[in-house]
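Student:
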Amino acid sequence: MIRISNVQKAFGSAIVLKGIDLTVEKGELVCLIGASGSGKSTLLQCINGLEPIQGGEILVDGISVHDPKTDINKLRQKLGIVFQQYNAFPHLTALENVALAPRVVAKRSRAEARALAQKNLEHVGLGDKGDSLPSQLSGGQQQRLAIARALAMQPSYMLFDEVTSALDPELVGEVLETMRLLKSEGMTMVVVTHDINFARESADRVAFLCQGEVCEIGTAEEVIDHPRKEQTQKFLRREQRKPLEIVRSSVA
Amino acid sequence: MIGMNGYQFYWSIVWDSLPLLLAGAWVTIQITILAFIVGTLIAMPMAVARQQGEGWAYRFSTWWVELSRNTPAVFQLYLFYFGLGAFHINIPSYAAVLIAVSFNNAGYMTEIFRGGLNAIPRQQLSASRSLGMTSPQSFIHVIFPQMFKVIFLAYVTQGIWGMLNTSLGMLVGLQELSGATQYAQSASFRTFEFFLVTALIYYLIAKGLQFSSQIAFRLIYRS
Numbered sequence: 002m003i004r005i006s007n008v009q010k011a012f013g014s015a016i017v018l019k020g021i022d023l024t025v026e027k028g029e030l031v032c033l034i035g036a037s038g039s040g041k042s043t044l045l046q047c048i049n050g051l052e053p054i055q056g057g058e059i060l061v062d063g064i065s066v067h068d069p070k071t072d073i074n075k076l077r078q079k080l081g082i083v084f085q086q087y088n089a090f091p092h093l094t095a096l097e098n099v100a101l102a103p104r105v106v107a108k109r110s111r112a113e114a115r116a117l118a119q120k121n122l123e124h125v126g127l128g129d130k131g132d133s134l135p136s137q138l139s140g141g142q143q144q145r146l147a148i149a150r151a152l153a154m155q156p157s158y159m160l161f162d163e164v165t166s167a168l169d170p171e172l173v174g175e176v177l178e179t180m181r182l183l184k185s186e187g188m189t190m191v192v193v194t195h196d197i198n199f200a201r202e203s204a205d206r207v208a209f210l211c212q213g214e215v216c217e218i219g220t221a222e223e224v225i226d227h228p229r230k231e232q233t234q235k236f237l238r239r240e241q242r243k244p245l246e247i248v249r250s251s252v253a
Numbered sequence: 007m008i009g010m011n012g013y014q015f016y017w018s019i020v021w022d023s024l025p026l027l028l029a030g031a032w033v034t035i036q037i038t039i040l041a042f043i044v045g046t047l048i049a050m051p052m053a054v055a056r057q058q059g060e061g062w063a064y065r066f067s068t069w070w071v072e073l074s075r076n077t078p079a080v081f082q083l084y085l086f087y088f089g090l091g092a093f094h095i096n097i098p099s100y101a102a103v104l105i106a107v108s109f110n111n112a113g114y115m116t117e118i119f120r121g122g123l124n125a126i127p128r129q130q131l132s133a134s135r136s137l138g139m140t141s142p143q144s145f146i147h148v149i150f151p152q153m154f155k156v157i158f159l160a161y162v163t164q165g166i167w168g169m170l171n172t173s174l175g176m177l178v179g180l181q182e183l184s185g186a187t188q189y190a191q192s193a194s195f196r197t198f199e200f201f202l203v204t205a206l207i208y209y210l211i212a213k214g215l216q217f218s219s220q221i222a223f224r225l226i227y228r229s
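Chains as they are written, first to last, in my numbering: chain C, 2 to 253; chain L, 7 to 229.
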């Protein structure tokens, strides 16, 4: 379980998170939605300790992420994260990308790590791409590679930070499909997304973040289809307007 | 053979001294390779420290870079050889040249590496740290391999520059290539012939470094 209590975060004088409370149960998929700058990506990076916090606490399976006494490198093995920019390691083949952390961090033998990597590449549908360099893969393939790389550490939780935002529209589907697969296998997931449709279909709960606070939280039906707060309604109206309609309305 | 302006070339005397020159060249190659490795090993953490922009490690490496880049290499060699001697720390000329060239290499390489590190997206570090790698593991397995690809040309150039710097060994009595040449020509005063041949040997060593590093680059980066 991930328990986030009263988390506060500032970059210099800019306060990004103003006391966030959120609990993610085992096996749950929670989507974080909200406008750019609402703090959702920052919150995600706080969960695995990539960002320090100024107040509050985040507990992962009862272990405090930001406690200096915590072995953060060990804790991070429980928390896979996938970023908007795929961040594949460009000097390594797909297989080596996935095998690196099992070998270096989990101290598995070279052969074991490669077998584990191959298994995870197959899992995300890249079984035949092991020898390819990231530069030879499409954006969607690179993002699935990033998922396989995180999965190879056998995490208990997967964090997704706007993983489809940098993709060409026709490549979004294959990444979402992989995420649905993980969900069907019971993976606990926290997903920051602008994809309202994905949130509606897949999320057990949706949290709407607004100006550094959890403004509204509930099932997808509650938050997306019947939002109670005015900010949520406004955000969803803007978000669900198709780009073409915006163009039309600005021309008209 | 009669050259221009009536200068008479005597090559046979150089030929006779060739074993001496080649022995000197071997010392030059040894120091070049050792100073290249030592300089690299020191420059890697110093470049990371320079990027931090604060702390004692940053200040230490900044001073190192300032001294090694902004003073003549010969001054640095004298500092290690005669300077330490003044404090009754006497080191052999071989060690003094090795230390001085390593010191000089490390300073320049730090700045070369720092430029390379700046070219690598910060997210690469986030990605490797998020997999549970420690900071040193991330640099060794993810950041430095990419950095070396970016800075490769400047890096090899520095290696060659370090090789040429070993010629200062002549000034502290080391029989590296220049020292050996100096010794051989002083007996015959065929300065021109000796230094022409020596320049050629330096050129060949530099080319050897360049070619072997290119082969290493292709093997490592599969390109």
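The beta carbon of each residue, even a glycine, is placed where N, CA and C say it ideally should be. Note that the structure is predicted; figures quoted are calculated from it, not measured.
Flag this pair as yes or no: are the beta carbons of Ile-197 (chain C) and Leu-237 (chain C) separated by less than 8 Å?
Tutor: yes
Student: In or out: Lys-27 (chain C) buried (at least 16 other Cβ within 10 Å) or exposed?
Tutor: exposed
Student: List the DSSP bridge partners of Ile-218 (chain C).
Tutor: Under DSSP, the beta-bridge partners assigned to Ile-218 (chain C) are C:Ala-208.
Student: Which of helix, strand or coil does DSSP assign to Phe-254 (chain C)?
Tutor: In the structure as shown, chain C begins at 2 and stops at 253. Residue 254 (chain C) is therefore absent and cannot be evaluated.
Student: I'd like to know whether the C-beta of Leu-152 (chain C) is nearer than 8 Å to at least one C-beta of chain L.
Tutor: no
Student: By the criterion of Cβ-Cβ separation under 8 Å, what are the contact partners of Asn-49 (chain C) in chain L?
Tutor: Ser-136
Student: Does Ser-99 (chain L) have its Cβ less than 8 Å from a Cβ in chain C?
Tutor: no
Student: If you reduce the DSSP assignment to three classes, tell me which class Asp-196 (chain C) lands in.
Tutor: Correct three-state label for Asp-196 (chain C): coil.
Student: Let me know if Ser-67 (chain L) comes out buried or exposed under the rule of 16 or more other beta-carbons within 10 Å of its beta-carbon.
Tutor: buried
Student: Is it true that the CB of Ile-48 (chain C) sits closer than 8 Å to the CB of Thr-24 (chain C)?
Tutor: no
Student: What residue from L:Ala-125, L:Trp-17, L:Ala-112, L:Phe-154 has the CA that sits closest to Gln-220 (chain L)'s CA?
Tutor: L:Phe-154
Student: For Pro-151 (chain L), would you say it is in contact with chain C, using Cβ-to-Cβ distances shorter than 8 Å as the test?
Tutor: yes
Student: Look at the alpha carbon of Arg-206 (chain C) and the alpha carbon of Pro-53 (chain C), and state the distance between them as a whole number of angstroms.
Tutor: 26 Å
Student: For the ligand ZN, any of its heavy atoms closer than 7 Å to the Cβ of Thr-140 (chain L)?
Tutor: The ligand ZN is absent from the structure shown, which contains no ligands of any kind.
Student: Using a Cβ-Cβ distance under 8 Å, would Ala-53 (chain L) count as near chain C?
Tutor: no
Student: Val-107 (chain L): buried (16+ other C-beta within 10 angstroms of its C-beta) or exposed?
Tutor: buried
Student: If contacts are defined as beta-carbon pairs under 8 Å, then Glu-217 (chain C) and Gly-20 (chain C) qualify, I think. What distance do you get, rounded to the angstrom?
Tutor: Going by Cβ atoms, the distance from Glu-217 (chain C) to Gly-20 (chain C) rounds to 15 Å, so no, they are not a contact pair.
Student: Among L:Val-20, L:Val-54, L:Gly-113, L:Gly-175, which residue has its Cα nearest to the Cα of Thr-77 (chain L)?
Tutor: The candidate whose alpha carbon is nearest that of Thr-77 (chain L) is L:Gly-113.
Student: How many Å lie between Glu-186 (chain C) and Leu-30 (chain C) at the Cα?
Tutor: 12 Å
Student: Kindly indicate which three-state DSSP category Gly-261 (chain C) falls into: helix, strand or coil?
Tutor: Nothing can be reported for residue 261 (chain C), as the shown portion of chain C is limited to 2 through 253.
Student: With DSSP as the reference, label Ser-1 (chain C) as helix, strand or coil.
Tutor: The requested residue 1 (chain C) does not occur in the structure, where chain C is confined to residues 2 to 253.
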